[in-house]
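S.K.: Quick note, our numbering runs 225 ahead of the 1-based positions in the sequence shown.
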Amino acid sequence: MSRQDVKGAGAPSPAEPTGGPPTPVEPAPLMPDPGMPAAEQPEGGPASVGRPDGEKAGSVLPSGAAPGRLSRVGLFVVGAVLVVEAFWLFAALPGAALVSDVGALLVAGWATVACAGVARRHPAPLRRFWTLLAVTMALAALGRAIWTAQRLVGGDLPHTPLVGVVFTAGILTGTAALLSSPSGPRSGVGRARTLLDGVIVALALVPIGWVLVFRGVAAAELADPARTLGLLYPMFDLMQLTILVAVAGPARPLWRPMSVLAVSLTIRVVADVVYVSLVARADYAAGHPIDLCWPLSYLLIGLASGNPPPPDCDGTDETAESPLPPWWRVALPYLPVGGAIIAVLLARRPTGQTPPLVFVTMMALLAALAVRQGLAANENLRLVARLRRLAYGDQLTGLPNRLLFNRLLRLALRDGRPVAVLLLDLDGFKQVNDRFGHATGDTLLTGLAARMRTAVAGDGTIARLGGDEFAVLVERNGPVSPERLAERLLDALRPSDGEEDAGVHPSASIGIAEYGPQHASHTDLLRDADIAMYAAKAAGKSAYRTCTPGLRESAVSRAELIADLRRAVDEEELHLEFQPIVDLASGAVRSAEALVRWRHPRLGMLPPARFLPLAEETGLIIPIDRWVIHEACRAAATWRARAPEATVAVNIAAAHLRRPDLIATVTAATASAGLAPRALTLELTESALIEGTDAVLERLHQLRELGIQIAIDDFGTGYSSLSYLHRIPATELKIDRSFVARLGTDDRAYATVEMVTRLAGAFDLAVIAEGVETERQHEAVTAIGCPRGQGYLYGRPDSPATVGQNRA
C-alpha cells in the first residue's frame, strides 16, 4: 500500500516514511465535569461519601491527594518521554515512527493508571465516569500496542478488523464516560438526545470536511473506503466535543478539569484535521511532528484526573436550580446543518452526481434529525403533561387544586347536571402551625387529605382550594347525598387518641350548597357554600350546615352592612351621644360616657351592638376608636367651660389596646382639643385587660403617667381576677348592669355589689354602678355606698349640649 493511503475506519495513525504502518488515530475520549453538583447526577448509582475515618473501603481521600498522589515520578517520566519524542520528531531522526508509537503507548498507559487510581478515591457519582475513562485509555494503549506489533511483524499497514474493533470500542467507552458524568443527563431519553446532538454535528461536518479537504485533490484515490473513511476521525472528535458542551451546561463555573479536557479535545481535532489533509494530498510521512499531538492529548487527560472533586459532588446540594440554557446551546446541533447543505451543493461533480460518502452521510443526517425531532416531540408531550399536573394539581396533597375544581364545576353546570358543593375548612389549623411549625402543618394536611380522599372515594371529586380549605363536587342524583358525604368526612377527620394527646384536632366545618335557579354562575354556588360553612363554625364547629334562603339573606345583609361601615367614617355617618355619670349623693353630673351611633342612610339609627362586633371582626374598630376619642375630647372641652370638673369616658377596643400607637392617638386628641389629660377616662373590658401582655401593661402605666384615667368596665362578667387588679393601674371600677338590675329582688346580687364596692375601696378605686334605671336600684346602690351611678334614671344618651338633662 502506498504512502498516500488513508487509514481505514478504526485504523491507527500515519505510516512510517519507509512505508511502514501508520500511527493509530483514536477518537478522543471525553470526560465531563465530575465537579458539577450531584443534584444532576445520572441514573446509575446513588451518591455516597466515604467516611472521614477511612473505615470504609473506597472512601473519599482528602482533596490534597491530587497532583502529589498521582505519582510525581510517573508524571516526570511521561513528561520526559514527550520531550524526547518532540526532539526526535522535529529533528527527523531515524525510527521516528517507532518512537512515536512507543511514546504514545507509554503516555496512554500512564493516563490509564491515573484515571483508575482516581476512580477508587473519588465519591460514587464520579467513579463510574473515571472507570469508563480509564477503560478508554486502556483501549487506546491496547490498540496502539496491537498496531505496533502488527506493523513490525508484517511490515505493512495493518488495517485489520482487530485494530478497528479496539479503537471503535474506545470511542464508545469515551462517549459513555461523558454521558454518565454527574453533570450529564439523568434519563435515558436525555442521554439519547445528547448523543444525537453530537451525531448530528459530526454528520453535518462530513460534507463540509469533504469540500474543505478532498475537493480538487486529484491524487487521492477517494474511491477506496479505507481512505475516504479517514475523514471521520475529526468528526468523531467534534461529536464528542459537542457532547462535552452539552453535559457541561451553562449553570455553574467551569470546573478546572473540564477546561483541561476541552484543550485536549481541541488538540485532537486540530491533529486529526491536519493529518487527514496531509494524507489526502500525499504529503504525510510517519514521524511527522503532528504525531506529537496524540500523546499530548493523553497527557492532558491524565493531568485532569489529578484534580480533587468539588465539595458538592456527593449529591447533598439540593438548592441548586438548573437555569435555562442559552439560545446557542439549544441551536448547537442544528447550526452545522446549514453548512452541510451548502457543502452538498459544492461537492456535486460536473456530471451532477453526489459523492457516495456525502450522499450516505446526508441520508444518515436526515435520519438522525428525524429521530432527534421525535425525541423533542416526546419531551414536549411529557412537558405538557407535567405543566398540566402543576397547573391543575396541589403539590402538597396531590389533590386537584382550585383551578381544576372550578373548571370541573363550570363544566358540570354547562352540561346541566344537578350538582352540590361541600366547602370544608379545618378548625384551629392555624394554632397547629403556630405551635408545631409549618412543616408539621404540611404533614398534617397531607394526612388529612388522604383521609378525606378515602372518605369521598368515588362519590365525588375532592380538591384543595388553598391553605386549610377543601371542596367536594357531588352529583345530587348520585348514590350518596351531600349530607351523608359530609357526615363521612366529619367521621374521617375525628382525632385519634394520639392526636388528642398531641393537641392536634383535625376537625372541620362543612358548608353545603346545592345548585338551583337562584345561582347565576358557579361563583354564586361557591358563595352559598361559604355562607353555610361559616354557619357551621358559628354552630360550634365540627359540624355541617346546608345553605338556606335565610342564611343567604343574612349573610348578604351582613356583607352589605360591612361595606357600608367602611364608608361611614369617611362620610360622617357616625355621631356621638353621651350618657351622664352622676354623683349619687348630690345628683351632679361628674362625667359622661361617649357612645357611638351610626346614622345609616337606609336603615336609620343603628345602636353599637348592631355594628361594633362587625367592626371588630373586620379591623374597622381601630379607625372608629380614633374618631370617637378625638370627637369625645372636643365635646368634653366645650362643656368643661361650664363644669370644670366634668370628665369624659371612652370605650377602647382590645385590638386598639394592643397597638403601640394608642398613646400617640390619645395625646394628639387631648392636645388638639385643649383638654387636660386627667379629664379623659379610657374604659377597658376585663377580657381585654386579662389578655394583655407586658407591653400592654407598660402602655397603661405610661397613660397613667400622662394623667389619663383608667376604668375597668363591666366588672364581674369577665375573668374578675384579683391578681390583675394589683398589676393594672386602674382608677375606676364599673359594676356591670346585670348585678344592678337584680338589686332588691336577689340577695346574692346585693351581696355581690356590696363586696365589689368594698374591694374597690381597698384598692382605692372609684366605683360606678351601671344600669341604674329605677328608684329602688338607686336606693340600693346608695345604701351600699357606691359613690357614682350611671343609667337611664339619671339620663339617657344625648348630645353634648344637653347631656344630663334627659332624665327618666
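For each residue, glycine too, the CB sits at the ideal point set by N, CA and C. Predicted, not measured: the structure shown is a model, and the values here were computed from it.
Which runs of the alpha helix (DSSP H), 4 residues or longer, sit entirely within the stretch 297-375?
M.R.: Within the stretch 297-375, the complete alpha helix (DSSP H) segments at least 4 residues long are 297-315, 321-346, listed from N- to C-terminus.
S.K.: Answer yes or no: does any C-beta atom of chain C fall closer than 9 Å to that of E841?
M.R.: You won't find chain C in this structure, because it holds only one protein chain.
S.K.: Output the distance between the C-alpha atoms of L517 and L621, rounded to the nearest integer angstrom.
M.R.: The residue you call residue 517 lines up with position 292 of the sequence shown. The residue you call residue 621 lines up with position 396 of the sequence shown. Those two C-alpha atoms are separated by around 60 Å.
S.K.: Cα-Cα, which of P625, L421, G415 is closest to R607?
M.R.: On the sequence shown, position 382 is the one that residue 607 refers to. Proximity to R607 across P625, L421, G415 peaks at G415, based on C-alpha coordinates.
S.K.: Should the stretch 689-697 be called in touch with the stretch 650-665, which here means at least 3 C-beta pairs below 8 Å?
M.R.: yes
S.K.: Applying the 10 Å Cβ sphere with the 16-neighbour rule, what's the burial state of M362?
M.R.: On the sequence shown, position 137 is the one that residue 362 refers to. Buried, since its Cβ has 16 or more Cβ neighbours within 10 Å.
S.K.: If you drop the 5 nearest sequence neighbours on each side, which residues of the same chain put their C-beta closer than 8 Å to that of R924?
M.R.: By 1-based counting over the sequence shown, the position of residue 924 is 699. So the qualifying residues of the chain are L882, P885, L887, I888.
S.K.: Among C772, M758, T773, which has the Cα closest to the Cα of K766?
M.R.: Translated into the one-based positions of the sequence shown, residue 766 becomes position 541. Of C772, M758, T773, the residue nearest in Cα terms is M758.
S.K.: Report the three-state DSSP secondary structure of W480 (helix, strand or coil).
M.R.: The count along the sequence shown starts at 1 and reaches residue 480 at position 255. Three-state result, W480: coil.
S.K.: How far does the beta strand (DSSP E) with G1014 in it reach, from first residue to last?
M.R.: Taking the sequence shown and counting its residues from 1, one reaches residue 1014 at position 789. First-last of the beta strand (DSSP E) with G1014: 1013-1015.
S.K.: Could you pull out every residue in the same chain whose Cβ sits closer than 8 Å to the Cβ of A717, ignoring the five residues on either side in sequence?
M.R.: Numbered from its first residue, the sequence shown carries residue 717 at position 492. Once the five neighbours on either side are set aside, the close Cβ partners of A717 are R676, M677, T679, A680.
S.K.: Is the beta carbon of V821 less than 9 Å from the beta carbon of L799?
M.R.: Within the sequence shown, numbered from 1, the residue matching residue 821 stands at position 596. Within the sequence shown, numbered from 1, the residue matching residue 799 stands at position 574. Result yes, Cβ atoms of V821 and L799 sit closer than 9 Å.
S.K.: Could you say if the stretch 338-351 and the stretch 386-401 meet the contact criterion of at least three C-beta pairs nearer than 8 Å?
M.R.: no
S.K.: What do you reckon, are the CB atoms on G986 and A966 nearer than 9 Å?
M.R.: Along the sequence shown, read from residue 1 onward, the residue named residue 986 stands at position 761. Along the sequence shown, read from residue 1 onward, the residue named residue 966 stands at position 741. Result no, Cβ atoms of G986 and A966 do not sit closer than 9 Å.
S.K.: Can the beta-carbon of T906 be found less than 9 Å from the beta-carbon of E957?
M.R.: In the sequence shown, the residue the question calls residue 906 occupies position 681. In the sequence shown, the residue the question calls residue 957 occupies position 732. Taking 9 Å as the Cβ cut-off, T906 and E957 qualify as a contacting pair.
S.K.: Quick one: grab the DSSP three-state call for L649.
M.R.: The residue given as residue 649 occupies position 424 in the sequence shown. For L649, the three-state secondary structure derived from DSSP is strand.
S.K.: Quick one: is G512 buried, meaning 16 or more other Cβ sit within 10 Å of its Cβ, or exposed?
M.R.: The residue you call residue 512 lines up with position 287 of the sequence shown. Result: buried.
S.K.: Please give the ranges of any alpha helix (DSSP H) in the stretch 957-997, keeping only runs that are unbroken, at least 4 residues long and fully inside the region.
M.R.: 962-965, 972-987
S.K.: When you compare only the Cα positions, how much space is there between P580 and I567?
M.R.: As a position in the sequence shown, residue 580 is number 355, starting the count at 1. As a position in the sequence shown, residue 567 is number 342, starting the count at 1. In a straight line, the C-alpha of P580 is about 14 Å away from that of I567.
S.K.: Could you name the residues of the same chain whose beta carbon sits closer than 8 Å to that of P625, not counting the 5 residues immediately before and after it, in chain order?
M.R.: The residue given as residue 625 occupies position 400 in the sequence shown. Only Y617, G618, D619, L633, T686, I687, A688, R689 meet the Cβ criterion.
S.K.: Which residues does DSSP pair with S816 in a beta bridge?
M.R.: The residue you call residue 816 lines up with position 591 of the sequence shown. Answer is I806, T872, bridged to S816.
S.K.: Drop a sphere of 10 angstroms on the beta-carbon of G1016, count the other beta-carbons inside from all chains shown, and report buried for 16 or more, exposed for fewer.
M.R.: Here residue 1016 corresponds to residue number 791 of the sequence shown, with the count starting at 1. With 16 or more Cβ atoms within 10 Å of its Cβ, G1016 is classed as buried.
S.K.: In whole angstroms, what separates the C-alpha of N631 from that of A834?
M.R.: On the sequence shown, position 406 is the one that residue 631 refers to. On the sequence shown, position 609 is the one that residue 834 refers to. In a straight line, the C-alpha of N631 is about 38 Å away from that of A834.
S.K.: State buried or exposed for S1024, treating a residue as buried only when at least 16 other CB atoms are found within 10 Å of its CB.
M.R.: Working through the sequence shown from its first residue, we reach residue 1024 at position 799. Looking at its Cβ environment, which holds fewer than 16 other Cβ atoms inside 10 Å, S1024 is exposed.
S.K.: Please classify V646 as buried or exposed, where buried requires at least 16 neighbouring CB atoms within 10 angstroms.
M.R.: Looking up residue 646 in the sequence shown gives position 421. Burial call: buried.
S.K.: Nearest CA to the CA of L790: which residue from V1006, M830, D508?
M.R.: Reading the sequence shown from its first residue, position 565 is the one you call residue 790. The residue with the shortest Cα to Cα distance from L790 is M830.
S.K.: Using the beta-carbon count (16 or more within 10 Å), is H951 buried or exposed?
M.R.: Residue numbering aside, residue 951 sits at position 726 when the sequence shown is read from its first letter. When all chains shown are included, H951 counts as exposed.
S.K.: Using 10 angstroms around the beta-carbon of L469, count the other beta-carbons present and answer buried if the total reaches 16, otherwise exposed.
M.R.: Within the sequence shown, the letter at position 244 stands for residue 469. Buried is the call here.
S.K.: Please determine if the stretch 853-861 and the stretch 889-905 are in contact, where contact requires at least 3 C-beta pairs separated by less than 8 Å.
M.R.: yes
S.K.: If the criterion is Cβ atoms closer than 9 Å, does the pair V332 and V303 meet it?
M.R.: Here residue 332 refers to the residue found at position 107 when the sequence shown is read from its first residue. Here residue 303 refers to the residue found at position 78 when the sequence shown is read from its first residue. Taking 9 Å as the Cβ cut-off, V332 and V303 qualify as a contacting pair.
S.K.: Short check: CB of G527 to CB of A339, under 9 Å?
M.R.: Taking the first residue of the sequence shown as position 1, residue 527 is located at position 302. Taking the first residue of the sequence shown as position 1, residue 339 is located at position 114. Yes, the Cβ-Cβ distance between G527 and A339 is below 9 Å.
S.K.: Counting Cβ pairs, one atom from each stretch, are 3 or more of them under 8 Å apart for the stretch 426-435 and the stretch 395-409?
M.R.: no
S.K.: Have a look at the DSSP bridge pairing and note the partners of H800.
M.R.: Here residue 800 refers to the residue found at position 575 when the sequence shown is read from its first residue. According to DSSP, which records beta bridges pairwise, H800 is partnered with R822.
S.K.: Which residues mark the beginning and the end of the beta strand (DSSP E) in which Y559 is found?
M.R.: By 1-based counting over the sequence shown, the position of residue 559 is 334. Taken as a continuous stretch (DSSP letters only), Y559 belongs to no beta strand (DSSP E), as it is neither H nor E.
S.K.: Could you work out which residue in V1028, P410, E1004 is closest to T863 when comparing CA atoms only?
M.R.: The residue given as residue 863 occupies position 638 in the sequence shown. Residue V1028 is the option with its Cα nearest to T863.
S.K.: Measuring CA to CA, which of V504, R418, G413, V472 is closest to Y458?
M.R.: Position 233 of the sequence shown, counting from 1, holds the residue named residue 458. Of the listed residues, the one whose Cα sits closest to Y458 is V504.
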